[in-house]
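**Student:** Residue numbers (my numbering): 17 to 836. Take this structure first; my questions come after.
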């Protein structure tokens, strides 16, 4: 039977090679290998059910890079684990009436088996789960180390509260006023919570983005810059009548101080409650009650009517001595800056709307040439000439105006130039069960006491049968046997902190644990981290552009300052993948457009699904499953597989003397494939492999024959290149070609440089932009010679038909454009 009639049984091939790979373990990274190291990292998953199309896409793309590095001779660490603590797993467990541990670890095993069948080149010897005590022992250790450095602290403040999940959220976990986990509208609460002082590193987090810009996606760098939000301005101190302590505001435009005609304090800020007079207190408290019912997104809307209440006090404008009223309103937020602003209504629309609502003065201090805001109700925000601004009058340079006012404020002791950041400290307490217990004990006599290092981990009690539904306080608070302990300092009665840590703490250092996952003397072996860090590539979704990446960068910088790392950035380069959609929309049960990964794998096999996902387009683009063809991918793989059965020359046969045209195609394909992988153009690489398969089949069928050594060279190159995207097919081809497994470690095909030299190239001749001729010319032909040949071509001469040639544009050796 010829190979053209042979049947390619995808399921049998998968069943055949899985146990072989498990025995050979070809992707176990050797820390002590003399080969150059590469660290391939992909974002680890939540264990919420089996793998889905998103997992299939990201790991297929990631695996191209990892397998390519192995073929290029590197020692590659490509680990995998599970981000197994946190709200998604806990909420799913509650819905299914299971304990989170039972639900989580069952899903982990399901995903583990699926990952193995999906043939991703993970080093399973480095597997970890963040919910294992041997992992979170070190999360707690790091928390205590951060606390010793003043980077972990507890304070009372207004926090983001998710009424659905009944827990606090970091600012980064609120998207458009809603919980990024469940979509519920977020409110504010006053609570005492734990924070990481990430603001201590704000400037460095910003500065290092310049170094990452060439190798990170532009939109991720921009998102980080915007979130950190550095601005230069001034702190201005406004004296308050009858109060010893001034009100300090931050402004980026101190040069407009002469236009500040009133002040606004966040209604829910402590400052407002301190300032309000007894006479105004009833009105203020009634207003505050209404404000507490509003969402943050509503409060920041520019379209809703302005509301507020006069606090009964006046402040003094430090540049002109003018008495200005102090109001409370909802459009200023308590956690922004100092919770108070100076209102310059002529040049800020929200201030202007407020002034017009309550009849407050409006004074223009920058003449932009536009109509006066006092008359139009439209604030002017551009640059112009200073007016009504004392010594600034007549100046036109904004930078000079800002500098002059700051110098005056500093001379008078009423303010100082400063840098401000939008970034706020990271709130890490969570009022939920399934997370890392905070290793602090609260003692009436000693206050906050750290659990001694030798007593770590503080293990999470099982609480089997307990009601874990969110109630606003952690279920751990009711676990009396666990909560009540002796104070480590004085031995008296004390209580454990019942909050758990945000799961983003777990994922801020997991990539370091992979370097030495079984190390018992610290979170990671410092020497092993020196060997592997930073990760050479980090592949994952752009939805983590701020949250996870910012926190991981912060942890890395702190650990470097602790002397545990030599690098200050964790990820040298990053690749974002798009999402898999169907029929133009995100997959959803309610829309009826969901696609089951399991069903696709059963019908078409692992390799066909992987090829389809990689071939669909650039990695960052979304893939519409309705527009792709796993069946077509399977037919391509069958054609490639049949090639390996047609080769009749012996393994090791030198290719010299074989079909030169086919050898050239092979050489160019191999050469270009390397460049395409390194530039993340994986889809184009697959297209080139398809072209090589077609060229090889043509050579077999039309002259060269199956015994030609060039055919073997081409088929072996196809097998090695295919190993990056279709490992089962590639392995089967490799065996049929007479080689021992595994093709994944065969090494990149050698290319004879002479075969890459073009003997001729095709030059296109256009007239008025339309192609009229194609010429085979030498690659090094001069522009003059190419123009002469083009104009002498009979087809070109006929198309010109005696008309005047106005211009000839030559781009040797590939293009001539004639304008007549």
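Glycine included, each C-beta is placed from N, C-alpha and C at the ideal position. Because the structure is a prediction, the values reported are computed rather than measured.
Quick check: what's the CA-CA separation for residue 645 versus residue 742?
**Tutor:** Position 629 of the chain shown, counting from 1, holds the residue named residue 645. Position 726 of the chain shown, counting from 1, holds the residue named residue 742. One C-alpha to the other measures close to 15 Å.
**Student:** Write down every uninterrupted run of the alpha helix (DSSP H) in the region 284–345 whose length is 4 residues or greater and which is fully enclosed by it, in chain order.
**Tutor:** Here the runs fully enclosed are 286–291, 297–307 and 312–315.
**Student:** Alpha carbon to alpha carbon, what distance is there between residue 642 and residue 140?
**Tutor:** If you number the chain shown from 1, residue 140 lands on position 124. If you number the chain shown from 1, residue 642 lands on position 626. Rounded to whole angstroms, residue 140 to residue 642 spans 34 Å at the Cα level.
**Student:** Given a threshold of 16 other Cβ atoms within 10 Å of its Cβ, counted over all protein chains shown, does residue 534 qualify as buried or as exposed?
**Tutor:** Mapped onto the chain shown, residue 534 falls at position 518. Result: exposed.
**Student:** Could you please give the first and the last residue of the uninterrupted alpha helix (DSSP H) stretch that includes residue 646?
**Tutor:** Here the question's residue 646 lines up with position 630 in the chain shown. 646–662 is the extent of the alpha helix (DSSP H) around residue 646.
**Student:** Would you call the CB atoms of residue 446 and residue 183 closer than 8 Å?
**Tutor:** Start at 1 with the first residue of the chain shown, and residue 446 comes out as number 430. Start at 1 with the first residue of the chain shown, and residue 183 comes out as number 167. Result yes, Cβ atoms of residue 446 and residue 183 sit closer than 8 Å.
**Student:** With distances taken from CA atoms, which of 257, 391, 398 and 266 is nearest residue 328?
**Tutor:** The count along the chain shown starts at 1 and reaches residue 328 at position 312. The shortest Cα separation from residue 328 among 257, 391, 398 and 266 belongs to 257.
**Student:** Indicate whether residue 558 and residue 236 have their beta-carbon atoms separated by less than 8 Å.
**Tutor:** What you label residue 558 is simply residue 542 of the chain shown in a count that begins at 1. What you label residue 236 is simply residue 220 of the chain shown in a count that begins at 1. For residue 558 and residue 236, yes; Cβs fall inside 8 Å.
**Student:** Would you call the region 471–488 and the region 539–552 touching, i.e. three or more CB-CB distances under 8 Å?
**Tutor:** Contact fails: fewer than three Cβ-Cβ distances are below 8 Å.
**Student:** If I measure Cβ to Cβ from residue 33 and keep anything under 6 Å in the same chain, skipping five residues before and after, which residues do I get?
**Tutor:** Along the chain shown, one-based indexing puts residue 33 at 17. If we look at residue 33 and ignore the five residues flanking it on each side, its Cβ neighbours are 744 and 747.
**Student:** So what does DSSP say about residue 138, is it helix, strand or coil?
**Tutor:** Locating residue 138 in the chain shown gives position 122, where the first residue counts as 1. Of the three classes helix, strand and coil, the one that applies to residue 138 here is coil, per DSSP.
**Student:** When you compare the region 204–215 with the region 168–175, are there three or more beta-carbon pairs, one atom per stretch, that lie closer than 8 Å?
**Tutor:** In short, these stretches touch, since the Cβ pair count reaches three.
**Student:** Taking the CB atoms as reference points, tell me whether residue 567 and residue 442 lie closer together than 8 Å.
**Tutor:** Numbered from its first residue, the chain shown carries residue 567 at position 551. Numbered from its first residue, the chain shown carries residue 442 at position 426. Cβ atoms of residue 567 and residue 442: closer than 8 Å.
**Student:** Please state if the CB of residue 320 and the CB of residue 622 are separated by a distance shorter than 8 Å.
**Tutor:** By 1-based counting over the chain shown, the position of residue 622 is 606. By 1-based counting over the chain shown, the position of residue 320 is 304. No, the Cβ-Cβ distance between residue 622 and residue 320 is not below 8 Å.
**Student:** Who are the near neighbours of residue 153 in its chain, counting only those whose CB is closer than 7 Å to its CB and skipping five residues on each side?
**Tutor:** Here the question's residue 153 lines up with position 137 in the chain shown. Counting only Cβ-Cβ distances below 7 Å, and skipping sequence neighbours, we find 472 and 473.
**Student:** Counting Cβ pairs closer than 8 Å, one from the region 57–68 and one from the region 119–136, do we hit at least three?
**Tutor:** At 8 Å Cβ cutoff, the stretches touch.
**Student:** Using DSSP's beta-bridge definition, name the partner residues of residue 639.
**Tutor:** As a working note, residue 639 is residue 623 in the chain shown. Looking at the DSSP assignment, residue 639 forms a beta bridge with 596.
**Student:** Starting from the C-beta of residue 638, find all residues in its chain whose C-beta is less than 7 Å away, skip the five residues before and the five after it, and write them out in chain order.
**Tutor:** Against the chain shown, residue 638 aligns to sequence position 622. Excluding residues within five positions, the ones whose Cβ falls inside 7 Å are 594, 595 and 597.
**Student:** In three-state DSSP terms, what is residue 790?
**Tutor:** As a position in the chain shown, residue 790 is number 774, starting the count at 1. It is a strand residue.
**Student:** Along the chain, where does the beta strand (DSSP E) that runs through residue 93 open and close?
**Tutor:** The sequence position of residue 93 within the chain shown is 77, counting from 1. Segment 91–93, the beta strand (DSSP E) holding residue 93.
**Student:** In three-state DSSP terms, what is residue 669?
**Tutor:** In the chain shown, counting from the first residue as 1, residue 669 sits at position 653. Coil.
**Student:** Rounded to whole angstroms, what's the CA-CA distance from residue 71 to residue 729? Just pull it up for me.
**Tutor:** For the purposes of this step, residue 71 is taken as residue 55 along the chain shown, with counting starting at 1. For the purposes of this step, residue 729 is taken as residue 713 along the chain shown, with counting starting at 1. Cα to Cα, residue 71 sits roughly 34 Å from residue 729.
**Student:** Can you tell me the Cα-Cα spacing of residue 128 and residue 351, whole angstroms?
**Tutor:** The residue labelled residue 128 in the question sits at position 112 within the chain shown. The residue labelled residue 351 in the question sits at position 335 within the chain shown. Looking at the two C-alpha atoms, the distance is approximately 43 Å.
**Student:** Identify every residue that forms a DSSP beta bridge with residue 804.
**Tutor:** Taking the chain shown and counting its residues from 1, one reaches residue 804 at position 788. DSSP output for residue 804 lists no bridge partner at all.
**Student:** Whole alpha helix (DSSP H) runs in the region 445–522 with 4 or more residues, listed along the chain?
**Tutor:** Correct list: 496–499 and 519–522.
**Student:** Could you say which of 513, 269, 697 and 731 lies nearest to residue 713 if we only look at CA atoms?
**Tutor:** Here residue 713 refers to the residue found at position 697 when the chain shown is read from its first residue. Looking at the Cα atoms, 731 is the closest of the given residues.
**Student:** Applying the criterion that 16 or more other CB atoms from any shown protein chain within 10 Å of the CB defines a buried residue, is residue 818 buried or exposed?
**Tutor:** As a working mapping, residue 818 is identified with position 802 in the chain shown. That one is exposed.
**Student:** In terms of alpha-carbon separation, which member of 150, 82 and 354 lies closest to residue 251?
**Tutor:** Counting from 1 along the chain shown, the entry for residue 251 is found at position 235. For residue 251, the nearest C-alpha among the options comes from 354.
**Student:** Could you check where the beta strand (DSSP E) with residue 208 kicks off and where it finishes?
**Tutor:** Taking the chain shown and counting its residues from 1, one reaches residue 208 at position 192. Start and end: 203–212.
**Student:** Is the region 95–108 in contact with the region 648–662, if contact means three or more CB pairs nearer than 8 Å?
**Tutor:** They do not touch, by the three-pair rule.
**Student:** Which runs of the alpha helix (DSSP H) spanning at least 4 residues fall entirely within the region 691–730, listed in chain order?
**Tutor:** Runs of the alpha helix (DSSP H) inside the region 691–730: 698–717.
**Student:** For residue 18 and residue 662, I'd like the C-alpha separation in whole angstroms.
**Tutor:** On the chain shown, residue 18 is found 2 positions in, with the first residue counted as 1. On the chain shown, residue 662 is found 646 positions in, with the first residue counted as 1. Residue placement at residue 18 is poorly supported in this model, since its pLDDT is 45, which falls under 50; the coordinates are not used for a value here.
**Student:** Whole angstroms are fine: how far does the CA of residue 212 sit from the CA of residue 770?
**Tutor:** Stepping through the chain shown from its first residue, residue 770 is reached at position 754. Stepping through the chain shown from its first residue, residue 212 is reached at position 196. When rounded, the distance between both Cα atoms is 59 Å.
**Student:** In whole angstroms, give me the CA-to-CA distance for residue 468 and residue 161.
**Tutor:** The residue labelled residue 468 in the question sits at position 452 within the chain shown. The residue labelled residue 161 in the question sits at position 145 within the chain shown. The alpha-carbon atoms of residue 468 and residue 161 are separated by roughly 11 Å.
**Student:** Measuring alpha carbon to alpha carbon, tell me which of 217, 178 and 214 ends up nearest residue 203.
**Tutor:** Counted from its first residue, the chain shown places residue 203 at position 187. With distances taken between Cα atoms, residue 203 lies closest to 178.
**Student:** Classify residue 198 as buried or exposed, calling it buried when 16 or more other Cβ atoms lie within 10 Å of its own Cβ.
**Tutor:** Sequence index remark: in the chain shown, residue 198 carries index 182 (1-based). Label assigned to residue 198: exposed.
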